[in-house]
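J.:
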Ligand SMILES: [Zn+2]
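Residue numbers (the working numbering): 267 to 492.
1) Out of curiosity, what's the CA-to-CA distance linking residue 448 and residue 366?
2) Pop quiz: residue 371 and residue 431 are said to be a contact at Cβ under 8 Å. What is the actual Cβ separation, rounded to whole angstroms?
3) For residue 381, collect the residues of the same chain with a Cβ closer than 6 Å to its Cβ; drop the 5 residues on either side in sequence, then sort them by chain order.
4) Under three-state DSSP, which class holds residue 472?
5) Verify the contact flag: residue 393, CB atom, against every heavy atom of ligand 1, threshold strictly below 7 Å.
6) Please go through the segment 292-324 and give each complete alpha helix (DSSP H) segment of 4 or more residues, from N-terminal end onward.
7) Using the rule of at least 16 other Cβ atoms within 10 Å of the residue's Cβ for burial, across every protein chain shown, is residue 351 buried or exposed?
8) Along the chain, where does the alpha helix (DSSP H) containing residue 397 start, and where does it finish?
9) Considering only residues of the same chain and omitting the five flanking positions on each side of residue 357, which have a CB-CB separation below 6 Å?
10) Taking the beta strand (DSSP E) that residue 467 belongs to, which residues open and close that run?
11) Following a CB-centred definition, is residue 372 positioned closer than 7 Å to any heavy atom of ligand 2?
12) Does the pairing of the segment 315-331 with the segment 293-300 give three or more beta-carbon distances under 8 Å?
13) So is the beta-carbon of residue 455 under 7 Å away from any non-hydrogen atom of ligand 1?
14) Could you tell me which residues DSSP pairs with residue 274 in its beta bridges?
15) Are residue 428 and residue 455 touching if we call contact CB-CB under 8 Å?
16) Given 7 Å as the limit, tell me if residue 490 has its C-beta closer than that to any heavy atom belonging to ligand 1.
17) Tell me the DSSP secondary structure of residue 379 in three-state form.
18) Please classify residue 486: does DSSP put it in a helix, a strand, or coil?
Here it is as structure tokens:
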């Protein structure tokens, strides 16, 4: 089969179609539960999802959840970059105000951002963002350099990138301070197979600052505090 035939035909998605779709969504939601929107007056999601911006990996559909159930942050290649005020603000609000119990970094096989980071091509502004994935490559080059198949190499880097981004979450003061206050907060790493929809749990879940490694573990109090 020609690869082109596999491209999802979105030509029927029009601007007006989105507004018509919204009417259908409201109608269906109220038909199933007349109280649907009243229940959304206050949100109480137990999960923060940090996923890729890719259109094929929407948090709610992938996990069969509904509005109000997952707090979502997405960017190219599901990165946790410590100077990203957007990510930090979402994380701080989710952990300290919403008191989520699970923070999931969700990558996906065939990630275009990860594939781009593996190449030497220049793509423009995004190269500065992708450089963080190149740093992950450098950390694991002993393993990745042995994989000759490009797709397998991309997919392994997808996994390693999720592991490193989950680790980056654990290094933040936000997660570390929350762990000192409560024991019901866990960080996880997932990879979604967009070919089957299946989630692979990378089994890197953590709720323990002592697994962080000496240099990243922070004291309870600020330096100089009395
Ligand atoms: Zn992606």
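Beta carbons: idealized from backbone N, C-alpha and C, even for Gly.
Quick caveat: nothing in here was measured; it's all calculated off a predicted structure.
T.: The relevant details are as follows:
1) Here residue 448 is taken as the residue at index 182 of the chain shown, counted from 1. Here residue 366 is taken as the residue at index 100 of the chain shown, counted from 1. Looking at the two C-alpha atoms, the distance is approximately 11 Å.
2) The residue given as residue 371 occupies position 105 in the chain shown. The residue given as residue 431 occupies position 165 in the chain shown. Contact holds; Cβ gap of about 5 Å.
3) As a first step, residue 381 must be located in the chain shown, where it is residue number 115. 420, listed in sequence order.
4) Here residue 472 refers to the residue found at position 206 when the chain shown is read from its first residue. In this structure, residue 472 counts as strand in the three-state DSSP scheme.
5) Counted from its first residue, the chain shown places residue 393 at position 127. Every heavy atom of ligand 1 is 7 Å or more from the Cβ of residue 393, so no.
6) Runs found: 302-305.
7) Position 85 of the chain shown, counted from the start, is the residue given in the question as residue 351. It counts as exposed.
8) Residue 397 sits at position 131 when you count from the first residue of the chain shown. Residue 397 -> alpha helix (DSSP H) spans 392-405.
9) As a working mapping, residue 357 is identified with position 91 in the chain shown. Around residue 357: 440.
10) The sequence position of residue 467 within the chain shown is 201, counting from 1. Its beta strand (DSSP E) spans residues 465-467.
11) This structure lacks ligand 2; the ligands present are ligand 1.
12) no
13) Taking the chain shown and counting its residues from 1, one reaches residue 455 at position 189. No, the Cβ of residue 455 stays beyond 7 Å of every heavy atom of ligand 1.
14) On the chain shown, residue 274 is found 8 positions in, with the first residue counted as 1. According to DSSP, which records beta bridges pairwise, residue 274 is partnered with nothing at all.
15) For the purposes of this step, residue 428 is taken as residue 162 along the chain shown, with counting starting at 1. For the purposes of this step, residue 455 is taken as residue 189 along the chain shown, with counting starting at 1. In this structure, residue 455 lies closer than 8 Å to residue 428 by Cβ.
16) Looking up residue 490 in the chain shown gives position 224. No, since every heavy atom of ligand 1 falls outside the 7 Å radius drawn around the Cβ of residue 490.
17) Counted from its first residue, the chain shown places residue 379 at position 113. Residue state, collapsed to three classes: helix.
18) Counted from its first residue, the chain shown places residue 486 at position 220. Correct three-state label for residue 486: coil.
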